[in-house]
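Participant: Just passing along the structure, written as structure tokens.
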Amino acid sequence: MPELPEVETIRRTLEPLLTGKRIQSFELLWARTLAFPALTDARHSMIGTTIAGVRRRGKLVVLELDSGDLITIHLRMTGELLYRDAGILPRATEREPYLRAIFGLSPCAELLFYDTRKFGRISLYTRETSASLDTTLGIEPLDAGFTTAALAIILRRERRLKSLLLDQQLIAGLGNIYVDEALFAARLHPLRPANTLGESEVAELRTAIVDVLSTAIAGHGTTLRDYRSGLGEPGTNQHRLHVYGKPAGSPCSRCGAPLARISVDQRSTTFCPECQPTVAHMLNR
DNA sequence: ACACTGCCCTGCGAGC
DNA sequence: TGCTCGCAGGGCAGTG
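The opening position of the first sequence corresponds to residue 8 in the numbering used here, with each subsequent residue numbered one higher.
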């Protein structure tokens, strides 16, 4: 499932291809893929505008239009955003089964949105409504502002660490894969109340988050099943995962102890009980 | 403030 | 082989 590194990889591949292209059509093949506004309004706003840039905010791909409007695309679990040069490849008229939306671009190109599970969402924000993005999305973990002090403020609440790190309103872009990996790297138990972390633990967690995300971006993202870059290439970071997706009982890559698997916020969570002890565990030693 | 449930969806692997 | 079932999960609404 695409998280920050996958979305960033897609952004990087799409930016040079989309910038300067004019949107000349928007075709919707699954109605709910467009979250808002209504299709006719969305078409009216985007058709005829030019893509001025491709940004990322959290897990959102953001197409900046020269009108000042923004098209945001959330891939959720199985969304794929593929660029196709219609001059080279045949047009997507054959209604492939998982194709949900088509941006027709001039000259001679298409941006295709595929999504098997139909959870992905495309939205259009105006200059006025785009401010709400920053109230629903928290700090960017790869921005300079994501300091140990900034993270310490976020952690200043009695909430389970993993649940907090997954909260997009606090930190934007982390999902199940990279939260598990970052907690493993920082040797922190996913159920630790966030406000029990010491100063050095906060610093280690910040470093772990930045390292895990940066490494994944360098590897062009994690491809477990569906994820592909904007040009259809899989990533390589799946080979660097230490805990995510590993079955319970499989050996920890660091200490050899059997990994544990629990559920946190309805999400499977894998960690090493030896490397990532609870506070109670540490006191009992 | 926090945790939990159910919903949206489909493909896949396990079990029978 | 062919079926059913549980699981995967990001975000959100609703409940406790």
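Just so you know, even glycine gets a beta-carbon here, dropped at the ideal spot from N, CA and C. Since the model is a prediction, treat every value here as computed from it, not as a measurement.
Give me, in chain order, the residues of the same chain whose beta-carbon lies closer than 7 Å to that of residue 63; leave out the 5 immediate sequence neighbours on both sides.
Facilitator: Within the same chain, residue 63 has close Cβ partners 14, 15, 18, 69.
Participant: Which residues in the same chain as residue 128 place their Cβ atom closer than 6 Å to its Cβ, once the five residues preceding and following it in sequence are excluded?
Facilitator: If we look at residue 128 and ignore the five residues flanking it on each side, its Cβ neighbours are 42, 81.
Participant: Starting from residue 188 and walking both ways along the alpha helix (DSSP H), at which residues does that stretch end?
Facilitator: Run containing residue 188: 183 to 192, per the alpha helix (DSSP H) assignment.
Participant: Could you please give me the residues that DSSP links to residue 90 through a beta bridge?
Facilitator: Partner(s): 118.
Participant: Excluding the 5 residues preceding and the 5 following residue 303 in the sequence, name in chain order all residues of the same chain whose CB lies nearer than 7 Å to its CB.
Facilitator: Look at the range of the chain in this structure, 8 to 292, and you will see that residue 303 is not part of it.
Participant: Under the rule that 16 or more other beta-carbon atoms within 10 Å means buried, what is residue 52, buried or exposed?
Facilitator: Counting Cβ neighbours within 10 Å, residue 52 comes out buried, since at least 16 surround it.
Participant: Among residues of its own chain, excluding the 5 on either side of residue 249, which ones have a beta-carbon nearer than 7 Å to its beta-carbon?
Facilitator: Excluding sequence neighbours, residue 249 sits near 188, 191, 260.
Participant: Near residue 84, which residues of its chain fall below 7 Å by C-beta distance, leaving aside the five closest residues on each side in sequence?
Facilitator: Same-chain partners within the cutoff: 8, 124, 126.
Participant: Tell me residue 71's beta-bridge partners as DSSP assigns them.
Facilitator: Residue 71 pairs with 60, 77.
Participant: What whole-angstrom Cβ distance do residue 47 and residue 72 have, given they're in contact under 8 Å?
Facilitator: Not a contact, Cβ separation roughly 17 Å.
Participant: Could you give the distance in angstroms between the alpha-carbon of residue 44 and the alpha-carbon of residue 32?
Facilitator: Approximately 16 Å between the Cα atoms of the pair.
Participant: I think residue 79 touches residue 132, with their Cβ atoms under 8 Å apart; what is that distance to the nearest whole Å?
Facilitator: Rounded, the Cβ-Cβ distance is 7 Å, consistent with contact.
Participant: Quick one: what's residue 270 bridged to in DSSP?
Facilitator: Residue 270 is bridged to 275.
Participant: May I ask you to check if the CB of residue 251 is nearer than 8 Å to at least one heavy atom of the ligand FMN?
Facilitator: Judged by which ligands are present, the structure shown has none, so any question about the ligand FMN falls away.
Participant: For residue 100, I'd like the list of residues in its chain whose CB is within less than 6 Å of its CB, leaving aside the five on either flank, ordered along the chain.
Facilitator: Bear in mind that a pLDDT of 47 at residue 100, under 50, signals an unreliable position, so the number given afterwards is only what the model happens to contain. So the list is empty, once near-sequence residues are dropped.
Participant: Please look up how many angstroms separate the CB atoms of residue 327 and residue 284, rounded, as I've assumed it's under 8 Å.
Facilitator: Absent from the structure is residue 327, since the part of the chain shown begins at 8 and ends at 292.
Participant: Quick one: using the 10 Å Cβ neighbour count with 16 as the cut-off for buried, is residue 246 buried or exposed?
Facilitator: Flag for residue 246 reads exposed.
Participant: Quick one: is residue 154 buried, meaning 16 or more other Cβ sit within 10 Å of its Cβ, or exposed?
Facilitator: So residue 154 counts as exposed.
Participant: Would you say residue 112 and residue 28 are within 9 Å of each other, going by their C-beta atoms?
Facilitator: Cβ distance < 9 Å, so residue 112 and residue 28 count as in contact.
Participant: Quick one: give me the first and last residue of the beta strand (DSSP E) that residue 22 is part of.
Facilitator: From DSSP, residue 22 is part of no beta strand (DSSP E) but of the alpha helix (DSSP H) over 11 to 25.
Participant: Can you pull the DSSP bridge partners for residue 197?
Facilitator: Answer is none; residue 197 lacks a bridge partner.
Participant: Are residue 67 and residue 168 closer than 9 Å when you measure CB to CB?
Facilitator: For residue 67 and residue 168, no; Cβs fall outside 9 Å.
Participant: Skipping 5 residues on each side, what residues in its chain have a beta carbon closer than 7 Å to that of residue 156?
Facilitator: Once the five neighbours on either side are set aside, residue 156 has no close Cβ partner at all.
Participant: Taking buried to mean at least 16 other C-beta atoms within 10 Å of its own C-beta, is residue 20 buried or exposed?
Facilitator: By the 10 Å Cβ count, residue 20 comes out buried.
Participant: So what's residue 208 in DSSP terms, helix, strand or just coil?
Facilitator: Of the three classes helix, strand and coil, the one that applies to residue 208 here is helix, per DSSP.
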